Amino acid sequence: MSPAEDLVRVDLRDHVQTITLDREEKRNALNDEVAGRIAEALRRAQADPAVRVIVLTGAGDKAFCAGGDLAANATDSPFEVDPAHPENPIIDLFKTFEQTTKPTVARVNGHALAGGLGLMCACDIAIASEHATFGVPESGIGLFPMMILPYMLRAMPRRRLLEWCITGARWSALQALEAELLNRVVPGDALDDAVDELVGTIVKRSPSAIRLGKMGFHALEDMTLAQAFEYAQLALPNMARTGDAIEGFRAFREKRQPDFQGN
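The sequence shown: position 262 = 463 (this note's numbering), numbered continuously.
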């Protein structure tokens, strides 16, 4: 087992795959190997029909992810890129999130900073402990949060985002909720119950509806209104022909709970 495998734990239980950044002593910071392991775990979850929800979290109760490991050497720093081959493992990880059609939930157990905030934004839904803090402090070390800006531009109001990026200030969980970065904030001792309740609801829903719906959601984001209407009027009838939709209609008529198979 490689050192990176020790630093990212993957557990599957009741259709929920939990990916845990297990670097508590380094505030669950990212480096290239860890980013690659998370991306690989996402790809495995995407390919596994037993997985219906993916939860991303950090070990301990201090940090979800503090961003890039600034103590890393030049060979595995998230900021080192070969100009002839500009593929960056962090960007590859974010692209993997975009290709994941299963719902992703950030269980934000502590601070989410810099690239860690980007990881949270990459997830579809985020639930945070009330003691967590958030921010993009890169301007304090001569950088700007370029790699997470594509997500943050889609998640936050423009002026609020510019304030966060320019000042590098630290913000509370309630401020992040008000900025629309979080779905909900709960007391620390209620975090697991809140996440379990959410994923318990998701696993009962149609996997095929969620899969096709996420694909449509991502496509519609970048379309004009006219293009979106054309896409929608073709997508919904196609969705209605899936096995899950047929089962859902039948269960509704028979007044019972549907047995979705994800087909």
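Even glycine gets a Cβ: it sits at the ideal position worked out from N, Cα and C.
Note that the coordinates shown come from a computational prediction; the quantities given were computed from them, not determined experimentally.
*Going by DSSP, which residues form a beta bridge with Val217?*
The partner list for Val217 (beta bridge, DSSP) reads Arg214, Val254.
*Rounded to whole angstroms, what's the CA-CA distance from Cys366 to Phe430? Just pull it up for me.*
35 Å
*asked:* Does Asp460 come out as helix, strand or coil in the three-state DSSP assignment?
replied: Coil at Asp460, not helix or strand.
_Could you check whether Val252 and Lys197 sit closer than 8 Å to each other, using their CB atoms as the reference points?_
Since the displayed the chain opens at 202 and closes at 464, residue 197 lies outside it and no answer follows.
*alpha helix (DSSP H) containing Cys322: first to last residue?*
316-323 is the extent of the alpha helix (DSSP H) around Cys322.
*Identified DSSP bridge partners for Ile367*: Its beta-bridge partners do not exist; DSSP assigns none.
*Ala427 classed as buried or exposed, judged by whether at least 16 other C-beta atoms fall within 10 angstroms*: Within 10 angstroms of the beta-carbon of Ala427 lie fewer than 16 other beta-carbons, which makes it exposed.
*Which of helix, strand or coil does DSSP assign to Asp283?*
The three-state secondary structure of Asp283, taken from DSSP, is strand.
_Within 8 Å, do at least three Cβ pairs link the region 343-351 to the region 324-331?_
No, they do not touch.
*Let me know the secondary structure DSSP gives His312 once reduced to three states.*
strand
_Less than 8 Å between the beta carbons of Asp460 and Ser407, yes or no?_
no
*If you check the beta carbons only, do Ala248 and Thr221 fall under 8 Å apart?*
Result no, Cβ atoms of Ala248 and Thr221 do not sit closer than 8 Å.
*Might you give, ordered along the chain, the residues of its own chain that have their beta carbon closer than 7 Å to the beta carbon of Met424, omitting 5 neighbours on each side?*
Tyr432
*asked:* Report the CB separation of Val254 from Val400 in whole angstroms; it is logged as a contact under 8 Å.
replied: Rounded to the nearest angstrom, the Cβ distance from Val254 to Val400 is 5 Å, consistent with a contact under 8 Å.
*Put Ser402 into one of helix, strand or coil per three-state DSSP.*
Note that residue 402 corresponds to Thr in the displayed sequence, not to Ser. Secondary structure at Thr402: helix, using DSSP grouped into helix, strand and coil.
*Consult DSSP for Leu231 and reduce its assignment to one of helix, strand or coil.*
strand
*Under the DSSP definition of a beta bridge, which residues are partnered with Thr305?*
Ile255
*Among Met440, Pro338, Gln462, Leu213, which has the Cα closest to the Cα of Ala242?*
Leu213
*Proximity of Asn473 and Cys266 at Cβ, strictly below 8 Å*: Nothing in the structure corresponds to residue 473, since the chain is present only between 202 and 464.
*Per DSSP, what kind of secondary structure is Val387 in: helix, strand or coil?*
strand
_Residues in the same chain with beta-carbon distance under 7 Å from Gly463, minus the five sequence neighbours each way, listed in chain order, please._
Residues Pro250, Pro408, Ser409, Asp445 of the same chain have their beta carbon placed closer than 7 Å to that of Gly463, with the five preceding and five following residues left out of the count.
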